[in-house]
Amino acid sequence: MRKIKKIVSIFMIAAVAFTVAVTNTSINADDSAKGAYSSAPGTDAVVKITKEIVAGEGVSLDTAERFTFTAALKEVSTGTYTDATYNSVKSLSTYVDFAINTNGDNLIAETNNIFTGTTYPHAGIYVYTVTESTTNANGHLIAGETYTMYVYVYNKPDTNQLEEGYDGTYIHAVTVAVGDLSAGDLTTDPDIEDKKVDLTYDSSGDVTGTGFRFKGYYNEATGLDIQKKVEGDLVNLNDEYDFTVVFTFPSSVEDVPSSVGGPAATQFTFAGITYTIKKDATTISSGNATSNTVTFKLKADEIITFDNLPAGTTYTVTEAVPNGFTASASVTEKGATYNENSVQVSSGQVQADRGNGMTPNLLAAEKKDGSAQNKVVYKNTETDVSITGLIIDNLPFIALMGVGIVGLVYIALNKKRKSI
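Going by mature numbering (1 follows the signal peptide of the UniProt record, and there is no 0), the letters in the sequence shown line up with residues -29 to -1, 1 to 391, in that order.
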């Protein structure tokens, strides 16, 4: 009899262990730290979505913007999910707002908890496809990421009962993977771990991992003026001076993924840069750039204006400084002009101290209504010319003539001596 009881006990223990193992296998949230987990039994896990706007240096939003995200239910581990039982959880949505003139580090923000107000009808694994439902507008280009979100719903312990029981459900854990996957991929895809994004938070609630993140690329147009100045009493004001400008577009253009059209999808291209050369109100010439390097000639008091640059573009300005001149420059950026101690010209190239030491990489900043145009004034000053009665440029020829005259006199005298 004791043997029979012992066997029955062993069988019951094994059965319980098997039941627990099956339960944990069917709803396994993975022990990886990448997931978002319930802080206590019966308490829902919290998941927020991060929105990152990539913009050029110093660029701020022209308008207030709302970015919306949608999670669409596509699978439930218990089978069909098309009946009315699942209507309340078929589509989840959340959003994040950015105020007008938001810039810098503030171009990253989080939504509220995507599960706020959500109650699941029963335990199981709920699989969602998560996308951004915002459309391209107002200078924003949406990257179009797709994620798969696995929501592990457990039966909620009933703490009001004396004996063990359940009272509804709660969200025990959530994992998110890159791409449009299925529930089966959790066990059949060998690369599933690599596809999971980091949902961990620190004690203050901030994301510490790469996050459940959607990117956007924001661009607005700006311009640049380069003006030529020449000083000197004997300067020919009709002389032309050779310049080279090299443009580098910001990451908000260059880093746009090919999946949404690459940099060209922003509508900013080097070939799209236009320029006009003027003196006073008279147009001298105009055209388009063919690459990021533009060469041109300017006479005294002429200005070249570049348009259709994405704000945040950096550029270099170099002149082939002719002999007999010293070069100097002033730089205006974001409506402020750098003082003389912050700008220098080295080997013909303009450099400015923009806060981290001298650099040739100047900034074509955003141009808001009423702000000054980005501008470089490049000045050549003629070196002092002493009045000697001689034209210094012809001195070598005068010296040669002198040598020739001396030679002729010597030959004439030598012939005269021979004739005596």
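Note that beta-carbon positions come from the ideal geometry of N, C-alpha and C, so glycine has one too. None of these values were measured; they are calculated from a predicted model.
- CA-CA distance, Asn77 to Asp15, rounds to 28 Å.
- Taking all protein chains in view, the Cβ of His111 is crowded by 16 or more other Cβ atoms within 10 Å, so the residue is classified as buried.
- Rounded to the nearest angstrom, the Cβ distance from Ser31 to Asn72 is 5 Å, consistent with a contact under 8 Å.
- In the structure shown, Thr105 falls within a coil segment according to DSSP collapsed to helix, strand and coil.
- Comparing alpha-carbon positions, the option among Phe220, Ile197, Glu225, Ser223 lying closest to Tyr212 turns out to be Ile197.
- In the structure shown, the three-state DSSP call for Tyr118 is strand.
- Annotation for Thr140: Thr90, Tyr91, Pro92, His93, Ala94, Val124, Tyr125, Asn126, Lys127 place their beta carbon closer than 8 Å to its own, counting only its chain and skipping 5 residues before and after.
- Taking the Cα of Ile142 as reference, the smallest distance to any Cα among Lys250, Val18, Thr130, Glu191 is reached at Val18.
- For the pair of segments examined, the region 157 to 170 was found not to touch the region 33 to 47: the number of CB pairs separated by less than 8 Å stays below three.
- Our two residues, Thr247 and Thr219, have alpha carbons roughly 20 Å apart in a direct line.
- A Cβ-Cβ separation of about 6 Å places Ala260 in contact with Ala242 under the 8 Å criterion.
- By the neighbour-count definition (other C-beta atoms within 10 Å, threshold 16), Val149 is an exposed residue.
- For Thr106, same chain residues with a beta-carbon under 8 Å away, outside a window of 5 residues either side, are Ile113 in chain order.
- The alpha-carbon of Thr39 is positioned some 9 Å away from that of Asp68.
- Looking at Val201, Lys199, Lys250, Asn190, the one whose alpha-carbon comes closest to that of Ser223 is Asn190.
- Counting the other Cβ atoms within 10 Å of the Cβ of Tyr137 gives fewer than 16, which makes it exposed.
- Within the region 248 to 336, the runs of beta strand (DSSP E) that reach at least 3 residues and sit entirely inside it are, in chain order, 253 to 259, 264 to 269, 274 to 281, 284 to 290, 296 to 304, 314 to 317, 320 to 324, 333 to 335.
- Rounded to the nearest whole angstrom, the C-alpha separation of Gly27 and Gly283 is 4 Å.
- In the three-state scheme derived from DSSP, where H, G and I count as helix and E and B as strand, Asp138 is classed as strand.
- Counting the other CB atoms within 10 Å of its CB gives Pro161 a total below 16, which places it among the exposed residues.
- Listed in chain order, the alpha helix (DSSP H) runs fully inside the region 51 to 116 amount to none, counting runs of at least 4 residues.
- Within the same chain, and ignoring the five residues on either side of Asp129 in sequence, the residues whose Cβ sits closer than 7 Å to its Cβ are Gly136, Tyr137, Asp138.
- In chain order, Val98, Tyr99, Thr100 place their CB closer than 7 Å to the CB of Lys45, counting only its own chain and leaving out the 5 sequence neighbours on each side.
- Gly326 and Lys338 have their C-alpha atoms roughly 20 Å apart.
- It is roughly 15 Å from the alpha-carbon of Ser59 to the alpha-carbon of Thr65.
- Secondary-structure assignment with DSSP links Ser223 through no beta bridge to anything.
- For the options Ala336, Lys346, Glu353, the alpha carbon positioned closest to that of Asn74 is the one of Ala336.
- Taking C-beta atoms as the reference points, Thr82 and Thr146 fail to come closer than 9 Å.
- Spanning the alpha carbons of Lys350 and Thr193 requires a straight line of approximately 24 Å.
- Note: Phe183 is not bridge-paired with any residue in the DSSP secondary-structure output.
- Secondary-structure assignment with DSSP links Ala154 through no beta bridge to anything.
- The DSSP-derived three-state label of Glu164 is helix.
- Excluding its 5 nearest sequence neighbours in each direction, Met120 has C-beta neighbours in its own chain below 7 Å: Ala42, Tyr99, Val101, Val145, Val147, listed in chain order.
- The continuous beta strand (DSSP E) containing Lys350 extends over residues 345 to 353.
- Collapsing the DSSP output to three states places Val124 in a strand.
- The continuous beta strand (DSSP E) containing Thr21 extends over residues 21 to 25.
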